[in-house]
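Read left to right, the sequence shown gives residues 6 to 203 (our numbering).
We put the beta carbon where it would ideally sit given N, CA and C, even for glycine.
One structure is given here, and the rest of the page talks about it.
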Amino acid sequence: MAGNIRIPKAELTGIYGAIVKRMSRKMLGEVAEPVEVAWHNRKVLNFSFSVGRQVQKWDQCDHNLKSFAHMAVASMVGCSFCLDYGYFQAHNEGLDLTKAREVPRWRQSDAFTPLERDVLDYAEAMTLTPPTVTDELSARLLDALGPAALVELTAFIAVANLMTRTNTAFGIESQGFATACGLKPLTVPAGGSGATGQ
Numbered sequence: 006m007a008g009n010i011r012i013p014k015a016e017l018t019g020i021y022g023a024i025v026k027r028m029s030r031k032m033l034g035e036v037a038e039p040v041e042v043a044w045h046n047r048k049v050l051n052f053s054f055s056v057g058r059q060v061q062k063w064d065q066c067d068h069n070l071k072s073f074a075h076m077a078v079a080s081m082v083g084c085s086f087c088l089d090y091g092y093f094q095a096h097n098e099g100l101d102l103t104k105a106r107e108v109p110r111w112r113q114s115d116a117f118t119p120l121e122r123d124v125l126d127y128a129e130a131m132t133l134t135p136p137t138v139t140d141e142l143s144a145r146l147l148d149a150l151g152p153a154a155l156v157e158l159t160a161f162i163a164v165a166n167l168m169t170r171t172n173t174a175f176g177i178e179s180q181g182f183a184t185a186c187g188l189k190p191l192t193v194p195a196g197g198s199g200a201t202g203q
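Here it is as structure tokens:
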């Protein structure tokens, strides 16, 4: 929460600040802390907004798969803000909430199809340093999704890494968006998602 943020939140001022506050409150019920921190550097904030808008236009890969991939990255990196926001978004977009809740412990869950498990594995393999993506995993995903969707999924996971790592470095944690909707929030399991315990 606010006490852990490493860069103080800025007051959103001026006409642009009023617009950003109004849009954020309309979407989330309050202003997202990453926005308040990034307000210190509007070029960085505008880049984040631009990337977010562009990513929302991508339509070659199933939205559930991308949502699960983002939450897998967030779980692995330890970004409770992104898990909370991801679950909130999944709820608002009518995605599979049962599966969304299982993402942080997907290796132990039987909720996912083989394709979904490959997507989650791919998200984790891309997130590890160095990445551990294998030819076999890529070939299975290419067969299942096709080249356009796999390119999109790969870029989406890369963007998820950008966002989750930025929020984690800032010290930003869950703001309780899921709780505000009456949803039980997702948590990052102790020791991460279990990717290293394969």
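Output yes or no for whether 8 Å exceeds the beta carbon distance between residue 115 and residue 142.
no
Fill in: The alpha helix (DSSP H) enclosing residue 172, as first and last residue numbers
152-175
Q.
Let's test the definition: count the other Cβ atoms within 10 Å of the Cβ of residue 21 and tell me whether it reaches 16, buried, or not, exposed.
A. exposed
Next on the checklist: Less than 8 Å between C-beta atoms, sequence neighbours within five positions excluded: which residues of the same chain meet that for residue 103?
Outcome noted: 116
Exposure of residue 134, with buried meaning 16 or more beta-carbon neighbours within 10 Å
exposed
- Message: What does the alpha-carbon distance come out to for the pair residue 111 and residue 160?
- Response: 22 Å
Next on the checklist: Looking at the secondary structure, which residues open and close the alpha helix (DSSP H) in which residue 4 lies?
Outcome noted: As shown, the chain starts at 6 and ends at 203. That puts residue 4 outside it, with no answer to give.
Legend entry - Nearest to residue 15 (by Cα), restricted to the options 32, 163 and 42: 42
Buried or exposed (CB count within 10 angstroms, at least 16 for buried), residue 34:
exposed
Margin query: Taking its Cβ as the centre, do 16 or more other Cβ atoms sit within 10 Å of residue 38, making it buried, or is it exposed?
Written below: buried
Taking C-alpha atoms, which residue in 91, 162, 36 and 73 lies nearest to residue 136?
162
TODO: Run the CB neighbour count on residue 177, radius 10 Å, all protein chains shown included, and call it buried at 16 or more, exposed below.
DONE: buried
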